[in-house]
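Residues 1 to 708, numbered by full-length UniProt numbering, are exactly what the sequence shown covers, in order.
In this text, a Cβ means the ideal position worked out from N, Cα and C, and glycines have one as well.
These notes concern the structure reproduced below.
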Amino acid sequence: MSVKSASGQSKETRRNEGGAGLAVEQPGMIRNIALVGHSGAGKTMLVEALLAATGVISRMGSIVDGTTVSDSDPAAVHQQRSVGLSVVPLLLDGVKVNLIDTPGYADFTGDLRAGLRAADSALFVVSAVDRVEASTVALWQECERTGTPRAVAISRLDHPRADYDAAVAACRDAFGESVLPLQVPVRKGGEITGLLDLLAGTVSGTTDDGGQPPTRPADAAELAAVEGARAELIEGVIAESEDETLMDRYLGGEEIALDTLLADLETAVARGSFFPVLAVSAGTGLGLAELLELLRKAFPSPLEHEVPEATGLDGSPHKRLACDPGGPLLAEVIKTSVDSFLGKVCVVRVFSGTLREDIAVHVGGRGLSERGHPDHDADERASHLYSPWGPALRAVPFAVAGDICALSKVASAETGDTVSAKDDPLLIRVWDMPEPLLPLAVEAAARSDEDALAKGLAKVAAGDPALRVERNPETHQLVLWCTGQAHADVVLDRLREQGVKLQTVDVITPLRETFAVPASGHGRYVKQSGGHGQFAICDLDVEPLERGAGFEFVDKVVGGVIPGPFITSVEKGVRAQMQKGVAEGFPVVDIRVILHGGKTHSVDSSDAAFQAAGALALREAAAAGRIQLLEPVSSVVIRVPDDYVGAVMSDLSARRGRMTGTSSGEGNTEITAEVPDQELLRYALELRALTAGGGSFRRSYLRHEPVP
Numbered sequence: 001m002s003v004k005s006a007s008g009q010s011k012e013t014r015r016n017e018g019g020a021g022l023a024v025e026q027p028g029m030i031r032n033i034a035l036v037g038h039s040g041a042g043k044t045m046l047v048e049a050l051l052a053a054t055g056v057i058s059r060m061g062s063i064v065d066g067t068t069v070s071d072s073d074p075a076a077v078h079q080q081r082s083v084g085l086s087v088v089p090l091l092l093d094g095v096k097v098n099l100i101d102t103p104g105y106a107d108f109t110g111d112l113r114a115g116l117r118a119a120d121s122a123l124f125v126v127s128a129v130d131r132v133e134a135s136t137v138a139l140w141q142e143c144e145r146t147g148t149p150r151a152v153a154i155s156r157l158d159h160p161r162a163d164y165d166a167a168v169a170a171c172r173d174a175f176g177e178s179v180l181p182l183q184v185p186v187r188k189g190g191e192i193t194g195l196l197d198l199l200a201g202t203v204s205g206t207t208d209d210g211g212q213p214p215t216r217p218a219d220a221a222e223l224a225a226v227e228g229a230r231a232e233l234i235e236g237v238i239a240e241s242e243d244e245t246l247m248d249r250y251l252g253g254e255e256i257a258l259d260t261l262l263a264d265l266e267t268a269v270a271r272g273s274f275f276p277v278l279a280v281s282a283g284t285g286l287g288l289a290e291l292l293e294l295l296r297k298a299f300p301s302p303l304e305h306e307v308p309e310a311t312g313l314d315g316s317p318h319k320r321l322a323c324d325p326g327g328p329l330l331a332e333v334i335k336t337s338v339d340s341f342l343g344k345v346c347v348v349r350v351f352s353g354t355l356r357e358d359i360a361v362h363v364g365g366r367g368l369s370e371r372g373h374p375d376h377d378a379d380e381r382a383s384h385l386y387s388p389w390g391p392a393l394r395a396v397p398f399a400v401a402g403d404i405c406a407l408s409k410v411a412s413a414e415t416g417d418t419v420s421a422k423d424d425p426l427l428i429r430v431w432d433m434p435e436p437l438l439p440l441a442v443e444a445a446a447r448s449d450e451d452a453l454a455k456g457l458a459k460v461a462a463g464d465p466a467l468r469v470e471r472n473p474e475t476h477q478l479v480l481w482c483t484g485q486a487h488a489d490v491v492l493d494r495l496r497e498q499g500v501k502l503q504t505v506d507v508i509t510p511l512r513e514t515f516a517v518p519a520s521g522h523g524r525y526v527k528q529s530g531g532h533g534q535f536a537i538c539d540l541d542v543e544p545l546e547r548g549a550g551f552e553f554v555d556k557v558v559g560g561v562i563p564g565p566f567i568t569s570v571e572k573g574v575r576a577q578m579q580k581g582v583a584e585g586f587p588v589v590d591i592r593v594i595l596h597g598g599k600t601h602s603v604d605s606s607d608a609a610f611q612a613a614g615a616l617a618l619r620e621a622a623a624a625g626r627i628q629l630l631e632p633v634s635s636v637v638i639r640v641p642d643d644y645v646g647a648v649m650s651d652l653s654a655r656r657g658r659m660t661g662t663s664s665g666e667g668n669t670e671i672t673a674e675v676p677d678q679e680l681l682r683y684a685l686e687l688r689a690l691t692a693g694g695g696s697f698r699r700s701y702l703r704h705e706p707v708p
């Protein structure tokens with residue numbers, strides 16, 4: 001785009017404004033933009049370059065997740081940049097631009113979707129060095145379904161292996177023909193020295209003082225080299241114009257005014273029907289001014305974004321709200337973290353109304369009870385209000401509809417919760433969360449650490465709705481269900497940062513036991529120790545049943561050798577022993593137990609004695625017969641790009657999986673199969689590796705089958 005300067009102000013003036021004026025009064029003067037792309041594409045570096053170019057920070061550093069990370073630890077910098085969701089505002093000619101830096105790892109899709117929920121548009125950052133990954137394509141398609149306005153920034157132009165033309169071609173191939181470049185790099189001596197604006201016909205360079213980049217008219221040779229690209233861009237812009245005569249005039253040879261083209265371009269971008277490509281280099285500053293101008297002028301304000309549908313606490317419908325500072329309060333927590341001084345800090349997107357300091361609010365959460373996040377409601381006081389600003393929080397008096405702010409010391413709030421007025425509580429349906437499919441079993445290092453582990457998990461889970469915490473009732477293991485290895489590593493790191501001492505152990509697959517053949521057992525429980533003794537004898541037969549048949553108890557006692565109440569006692573003892581197991585300690589299923597004989601004593605027989613005798617008889621039958629172990633089998637639905645179908649099917653066969661069907665469409669294939677749970681423990685990682693990040697799956701318990 002053609003621009004005058006990065007913001008029309010001196011660098012010193014912009015730096016002074018950086019910490020003030022963050023409380024904007026009009027939603028039309030706000031832009032919420034999510035930066036998305038795979039890990040390593042350069043999103044966070046681009047955010048820092050934009051902040052430095054506008055004077056918000058004095059130099060590019062490591063502003064990550066609200067903290068400053070030491071550059072002496074590159075691994076820590078890379079990990080936190082790739083897994084954290086952070087919000088940083090900057091000011092451009094009175095417009096507040098909230099840049100939402102989303103995580104790049106596929107494990108953190110939940111955080112990424114939280115960023116998209118808070119945003120009104122998306123800037124896809126694609127590296128000029130790497131290809132467009134399948135996960136980025138899937139995200140583009142997700143934005144397409146919701147009509148989110150988008151643009152593409154080709155980053156890392158200063159890299160020796162950068163290929164801008166190839167990156168643009170890859171984007172058009174992956175995202176569609178409506179993706180067109182606004183600029184073409186100008187090279188001298190093999191290096192990129194400037195950017196040729198295809199609409200204005202000018203070449204801009206870089207500047208060191210944050211002001212207007214040097215600009216010159218493109219020469220005849222440069223214009224001739226981009227004639228085809230320029231014509232395609234102009235035709236693409238005109239095709240989106242509301243002036244139906246414009247195309248005929250252009251094809252008739254008329255030169256369309258630059259202002260007209262820019263106005264139509266900005267309208268089309270805001271409408272989400274045209275997707276410009278810009279070239280940027282965070283290292284050299286090339287293209288930053290043009291990108292800032294696009295963010296300010298072309299991306300829509302919150303007024304053009306529909307407010308999420310809200311309901312009452314009981315699920316009753318509520319009238320659709322608008323982005324109105326004077327309307328009912330409706331906001332959503334998109335991120336929760338714990339600060340060592342402020343305690344719990346919640347980053348909130350305000351959709352309607354105005355959030356002010358020291359007002360009573362209602363905090364409500366619904367829809368994640370299956371992940372260990374029980375539904376909850378609480379009245380709180382929003383005593384402190386901030387704007388996220390680099391590594392710090394800047395106090396603000398209010399946040400209007402459309403803005404993003406931070407609240408501290410709201411004890412009950414969790415990520416995904418709705419914040420509304422105390423006297424008019426509302427709920428927003430939480431965004432779609434990825435299913436956590438990677439189990440991680442943990443245990444406290446010592447009994448004295450168990451309380452610390454429980455408290456630490458509660459804090460981590462409050463800010464991470466993608467995490468599911470489960471105490472398996474059969475194996476008694478504490479299992480953390482994560483979305484991938486990076487997610488698991490982050491969860492463990494956050495626990496250890498709180499001083500929790502823990503260790504990971506192998507995940508135990510809950511098996512079952514059953515009888516493979518009929519067997520008989522004799523239970524004799526006789527004890528005499530002076531005084532009242534214990535006496536119970538029972539005889540029973542055990543028969544295997546079909547899978548899934550459960551348990552049957554049959555009374556075939558004749559002649560009253562065992563009174564009715566003690567027959568019930570025998571059944572209790574058998575059921576208790578079935579839960580404990582008879583061979584490997586796993587529950588026994590799918591058997592019929594037939595009680596056909598026994599003896600009692602008029603004084604010493606009791607309920608407890610016959611329960612013990614029933615358990616002994618079942619164990620004796622197991623010793624005399626043959627026990628079959630059963631393993632859980634899940635129904636699995638796998639979605640993969642067509643290019644990887646063969647590799648995934650071969651891998652499933654190696655996992656003892658049985659394919660039950662396939663279906664194709666839109667470049668992807670859906671495979672249904674039945675796979676033993678033991679083979680799925682690490683499948684979330686292995687499928688991602690097999691499909692270059694493009695595969696996903698879901699699972700549901702099907703049945704138990706004999707272990708080979």
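query	result
When the Cα of G484 is compared with those of D324, L492, D130, which residue comes out closest?	L492
Could you give the C-beta distance for G695 and Y644, rounded to a whole number, given that I count them as a contact under 8 Å?	7 Å
So what does DSSP say about I238, is it helix, strand or coil?	helix
Buried or exposed: which applies to R150, given that a residue is buried once 16 or more other Cβ atoms fall within 10 Å of its Cβ?	buried
Can you name, in chain order, every residue of its own chain whose Cβ lies under 7 Å from the Cβ of L180, other than the five neighbours on each side?	E232, L233, G236, P276, V277
What residue ranges within the region 391-463 form continuous beta strand (DSSP E) runs of no fewer than 3 residues, ordered along the chain?	392-395, 398-400, 404-408, 418-421, 438-444
Would you mind stating whether L702 and S634 have Cβ atoms separated by less than 8 Å?	yes
When you compare the CB positions of G646 and V589, do they come within less than 8 Å of one another, or not?	no
Quick one: what's got a C-beta closer than 6 Å to R619's C-beta in the same chain, skipping five residues either side?	V582
Does the structure place the region 399-407 close enough to the region 320-334 that three or more beta carbon pairs sit under 8 Å?	yes
Rounded to the nearest angstrom, how far is the Cβ of A536 from that of F610, given a contact under 8 Å?	4 Å
Is the separation between the beta-carbon of F274 and that of V307 shorter than 8 Å?	no
Taking contact to mean at least 3 C-beta pairs separated by less than 8 Å, is the region 38-47 in contact with the region 125-136?	yes
Report yes if the CB atom of K409 is closer than 8 Å to the CB atom of S383, and no otherwise.	yes
State the start and end residues of the unbroken beta strand (DSSP E) segment that holds V277.	275-279
Tell whether a beta-carbon distance below 8 Å holds between L157 and S337.	no
Anyone know if the C-beta pair for A119 and K335 falls short of 8 Å?	no
Can you give the Cα-Cα distance for A239 and S86, rounded to whole angstroms?	37 Å
Mind checking which residues open and close the beta strand (DSSP E) that includes F535?	534-544
Please confirm whether R371 and P473 have their CB atoms less than 8 Å apart.	no
Using CA atoms only, rank isn't needed, just tell me which of L303, I591, G597 is closest to F566.	G597
If you follow the alpha helix (DSSP H) that F566 is part of, which residue opens it and which one closes it?	564-580
Nearest to P544 by CA position, among A622, D489, I428, is which residue?	A622
Which one or two residues does DSSP pair with L123 in a beta bridge?	L35, A151
Do you know how far the Cα of D339 is from the Cα of R496?	15 Å
Specify, as a first and last residue, the run of the beta strand (DSSP E) that T669 falls within.	668-676
Using the rule of at least 16 other Cβ atoms within 10 Å of the residue's Cβ for burial, across every protein chain shown, is V69 buried or exposed?	Here V69 scores only 35 on pLDDT, less than 50, and its place in the model should not be relied on; the value that follows carries that caveat. Burial call: buried.
Looking only at C-alpha atoms, which of L652, V526, E513, A654 sits nearest to G625?	E513
Helix, strand or coil for A114? Go by DSSP, reduced to three states.	helix
If we call anything under 8 Å between Cβ atoms a contact, is Y164 one with A289?	no
Could you tell me the alpha carbon to alpha carbon distance between G312 and A331, rounded to whole angstroms?	14 Å
Quick check on C171: does DSSP put it in helix, strand or coil?	helix
Identify, in the order they occur along the chain, each residue of the same chain with its Cβ nearer than 6 Å to the Cβ of A519, setting aside the five sequence neighbours on each side.	V542, A621, A624, G625
Please state if the CB of R349 and the CB of V95 are separated by a distance shorter than 8 Å.	no
Tell whether a beta-carbon distance below 8 Å holds between R471 and P436.	no
Hey, G456 and V500: beta-carbon distance below 8 Å or not?	yes
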